[in-house]
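Asks:
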Amino acid sequence: MIKEIRIKNYKSVNKLKLDLGRVNVFIGANGCGKSNILEAIGLGAIAFGGSKLSNELFELRGIRVTEPRLMRSAFDEENQSKNVELAFSDKKNCTWEADLVHDNTPFSEWRVEQKDEFIEGLLDKNSNVLETFNTIGRYVEKFSIFSPENKKLREFASKSTTALGIHGSGLFYLLSVSSDEEIAEIKQNLKLIDWFDDFEMIGNERTGEKRINIKDRYTSNKDFPFDQRNANEGFLFLLFYLSLFISKYTPPFFAIDNIDNALNPKLCTALARRLTKLSQKHDKQVLITTHNPAVLDGLDLNDEEQRLFIVYRNIEGHTKVQRVNKKPTIEGEESVKLSEAFLRGYLEGLNKV
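Per this note's numbering, residue 270 is the first one in the sequence shown, and the count goes up by one each step.
1. Assign Gly-319 to one of two classes, buried (16 or more other C-beta atoms within 10 Å of its C-beta) or exposed (fewer than that).
2. Our contact map puts Phe-295 next to Ile-557 with C-beta atoms below 8 Å; I'd like the distance itself, whole angstroms only.
3. Just verifying my parser: in three-state terms, what is the DSSP assignment at Asn-403?
4. Terminal residues of the continuous alpha helix (DSSP H) containing Thr-538?
5. What would DSSP say about Gly-298, mapped onto helix, strand or coil?
6. Go ahead and label Lys-589 buried or exposed: buried means 16 or more other beta carbons lie within 10 angstroms of its beta carbon, across all protein chains shown.
7. Below 9 Å between beta carbons: does that hold for Tyr-442 and Leu-355?
8. Starting from Gln-554, follow the alpha helix (DSSP H) in both directions and report where the run begins and ends.
9. Helix, strand or coil for Thr-476 per DSSP?
10. Could you tell me the distance, in whole angstroms, from the CA atom of Phe-495 to the CA atom of Lys-553?
11. Thr-476 to Leu-422, Cα distance in whole Å?
12. Can you have a look at Trp-464 and say buried or exposed, based on whether 16 or more other CB atoms are within 10 angstroms of its CB?
13. On the CB-based measure, 16 or more other CB atoms within 10 Å of its CB, does Lys-479 come out buried or exposed?
14. In its own chain, which residues sit with a C-beta less than 8 Å from the C-beta of Arg-330, not counting the 5 before and 5 after it?
15. Answer yes or no: do His-560 and Val-282 have a C-beta to C-beta separation smaller than 9 Å?
16. If I'm right that Glu-617 touches Val-292 with Cβ under 8 Å, what's the distance once you round it to whole angstroms?
17. In whole angstroms, what separates the C-alpha of Val-555 from that of Arg-341?
18. What are the residues that DSSP puts in a beta bridge with Lys-589?
19. Have a look at the DSSP bridge pairing and note the partners of Glu-354.
20. Quick check on DSSP: helix, strand or coil for Arg-498?
21. Using the Cα positions of Leu-691 and Phe-509, report the straight-line distance between them to the nearest angstrom.
22. Can you list, in chain order, the residues of its chain with a C-beta nearer than 7 Å to that of Lys-284? Leave out the 5 residues immediately preceding and following it.
23. Kindly identify the DSSP beta-bridge partner or partners of Lys-484.
24. What does DSSP give as the partner residues of Gln-628 in its beta bridges?
25. How many angstroms separate the CA atom of Leu-565 from the CA atom of Thr-538?
26. How many angstroms separate the CA atom of Arg-542 from the CA atom of Arg-576?
27. Using CA atoms only, rank isn't needed, just tell me which of Glu-585, Ile-584, Asn-583, Ala-610 is closest to Val-593.
28. With DSSP as the reference, identify every bridge partner of Glu-286, one or two as the case may be.
29. State buried or exposed for Glu-308, treating a residue as buried only when at least 16 other CB atoms are found within 10 Å of its CB.
30. Nearest by alpha-carbon distance to Trp-379: which of Phe-344, Lys-606, Tyr-408, Val-334 is it?
31. Going by DSSP in three states, Gly-528 sits in which element: helix, strand or coil?
32. Confirm, please, whether the CB-CB distance from Ile-462 to Gly-437 is below 9 Å.
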């Protein structure tokens, strides 16, 4: 797994170090920089994989595209010509670091400058740099920021260039190539929604029609009465997340931006608990952003693999994170859930209104 990430000079992130677990949840005020953190990691992942740093690839990985000078921190005018610096370290303390460079001229592209010691290490057979490259590469090179959309999840004819598109394209195909064991596990976990009984995949080779027929356990009809086109959107989002965590074809390291979309608070809590178990079972590492404090109630802060970070802007406007190691207690007051502690301001991270 990735143990530590360092980011410098990316949008609102002036300088930041993250010490990660397996499941990492970020919560904070609107505009505090949660998505900027994910995007910086996505840029580093693309750079590490050796792919061309193009706007098209940025979009495919879930990175918002803007002018190069605006992708640097704007706290100091000089920063708009400085490099974006990124570093990944694994649990063996092997580290890869590089600078992302752009000259801010029209039609130019971002390029990667590896640190000299890293390049020299690759050429030295006695160095552990090659091992670093391979171990970290396994985790980061396919990193994407997933943010499913209702419309995409209903269009099963849509395809993706990866196992699963960041907005939900390719879901039908991923399910169609999943093993019987994976499908059974997805179905079992879909029972977090009380009305769900079963689903069946339908593909008509002649017409090209693709759909999932869904069975509601409360209906008297034993046939599948409806498909994804008129299914509850919360069901489709849940199907997407479960497929993302269970499939062997999805990345081992990824992010989900705004996981609470389309989910009620109780389901948010239950999903957070379930995903922590699935991440361990299927060796996935995930960064999750949310605005719904109910997600926090699904975390066990006594487990070092589950981490909660409050994201905020300091007095200079820089994005900072603070890890919550344990549930806060206020002398003279009863213990409350993490969600309630957040809403009361014990954890900070709320907009001042």
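We put the beta carbon where it would ideally sit given N, CA and C, even for glycine.
Replies: Taking the definition as stated:
1. Start at 1 with the first residue of the sequence shown, and residue 319 comes out as number 50. It is exposed - the Cβ of Gly-319 has fewer than 16 other Cβ atoms within 10 Å.
2. As a working note, residue 295 is residue 26 in the sequence shown. As a working note, residue 557 is residue 288 in the sequence shown. With a Cβ gap of about 7 Å, Phe-295 and Ile-557 count as contacting.
3. The residue you call residue 403 lines up with position 134 of the sequence shown. Looking at Asn-403 - three-state DSSP - the assignment turns out to be helix.
4. As a first step, residue 538 is located in the sequence shown; it is residue number 269 there, counting from the start. Run containing Thr-538: 534-550, per the alpha helix (DSSP H) assignment.
5. Locating residue 298 in the sequence shown gives position 29, counting from the first residue. Position check: residue 298 holds Ala in this sequence, whereas Gly was assumed. Three-state result, Ala-298: coil.
6. Working through the sequence shown from its first residue, we reach residue 589 at position 320. Buried.
7. For the purposes of this step, residue 442 is taken as the residue at position 173 of the sequence shown. For the purposes of this step, residue 355 is taken as the residue at position 86 of the sequence shown. Not in contact: Tyr-442 and Leu-355 (Cβ atoms no closer than 9 Å).
8. The residue you call residue 554 lines up with position 285 of the sequence shown. Gln-554 -> not in any alpha helix (DSSP H); beta strand (DSSP E) instead, spanning 554-559.
9. What you label residue 476 is simply residue 207 of the sequence shown in a count that begins at 1. Only weak support is given to the placement of Thr-476: the predicted model assigns it a pLDDT of 49, under 50, and the value that follows is read from those uncertain coordinates. In this structure, Thr-476 counts as coil in the three-state DSSP scheme.
10. As a position in the sequence shown, residue 495 is number 226, starting the count at 1. As a position in the sequence shown, residue 553 is number 284, starting the count at 1. Going by the C-alpha atoms only, they are around 32 Å apart.
11. Counting from 1 along the sequence shown, the entry for residue 476 is found at position 207. Counting from 1 along the sequence shown, the entry for residue 422 is found at position 153. Confidence in Thr-476 is poor, its pLDDT being 49 and thus under 50, which makes the residue's placement too unreliable to answer from.
12. Position 195 of the sequence shown, counted from the first residue, corresponds to residue 464. Its Cβ having fewer than 16 others within 10 Å, Trp-464 is exposed.
13. Position 210 of the sequence shown holds residue 479. By the neighbour-count rule (16 or more Cβ atoms within 10 Å), Lys-479 is buried.
14. To locate residue 330, count along the sequence shown from 1; it is residue 61. Around Arg-330: Gly-311, Ala-314, Ile-315, Phe-412, Ser-413, Ile-414, Ile-435.
15. Counted from its first residue, the sequence shown places residue 560 at position 291. Counted from its first residue, the sequence shown places residue 282 at position 13. No, these two residues do not count as a Cβ contact at 9 Å.
16. In the sequence shown, the residue the question calls residue 617 occupies position 348. In the sequence shown, the residue the question calls residue 292 occupies position 23. Contact doesn't hold; Cβ gap of about 21 Å is too wide.
17. Within the sequence shown, numbered from 1, the residue matching residue 555 stands at position 286. Within the sequence shown, numbered from 1, the residue matching residue 341 stands at position 72. The straight-line gap from Cα to Cα measures roughly 25 Å.
18. Start at 1 with the first residue of the sequence shown, and residue 589 comes out as number 320. According to DSSP, which records beta bridges pairwise, Lys-589 is partnered with Tyr-581.
19. Within the sequence shown, residue 354 is the residue found at index 85, counting from 1. The partner list for Glu-354 (beta bridge, DSSP) reads Lys-277, Asp-368.
20. Mapped onto the sequence shown, residue 498 falls at position 229. Of the three classes helix, strand and coil, the one that applies to Arg-498 here is helix, per DSSP.
21. With the chain represented from 270 up to 622, any question about residue 691 goes unanswered, as that position is not in the structure.
22. As a working note, residue 284 is residue 15 in the sequence shown. Excluding residues within five positions, the ones whose Cβ falls inside 7 Å are Lys-277.
23. Walking along the sequence shown from the start, residue 484 turns up at place 215. The partner list for Lys-484 (beta bridge, DSSP) reads Asp-467.
24. Nothing about residue 628 can be reported from this structure: the residues present for the chain run from 270 to 622 only.
25. Counted from its first residue, the sequence shown places residue 565 at position 296. Counted from its first residue, the sequence shown places residue 538 at position 269. Their Cα atoms are separated by approximately 7 Å.
26. Reading the sequence shown from its first residue, position 273 is the one you call residue 542. Reading the sequence shown from its first residue, position 307 is the one you call residue 576. Computed Cα separation, rounded: 13 Å.
27. On the sequence shown, residue 593 is found 324 positions in, with the first residue counted as 1. Among Glu-585, Ile-584, Asn-583, Ala-610, the Cα nearest to that of Val-593 is on Ala-610.
28. The residue labelled residue 286 in the question sits at position 17 within the sequence shown. Residue identity check: residue 286 is Lys in the sequence provided, not Glu. Arg-275.
29. Within the sequence shown, numbered from 1, the residue matching residue 308 stands at position 39. Buried, because 16 or more other Cβ atoms sit within 10 Å of the Cβ of Glu-308.
30. Residue numbering aside, residue 379 sits at position 110 when the sequence shown is read from its first letter. Considering only alpha carbons, the answer is Val-334.
31. Here residue 528 corresponds to residue number 259 of the sequence shown, with the count starting at 1. For clarity, residue 528 is Ile in the given sequence; the question names Gly instead. Three-state result, Ile-528: coil.
32. Translated into positions along the sequence shown, residue 437 becomes position 168. Translated into positions along the sequence shown, residue 462 becomes position 193. Not in contact: Gly-437 and Ile-462 (Cβ atoms no closer than 9 Å).
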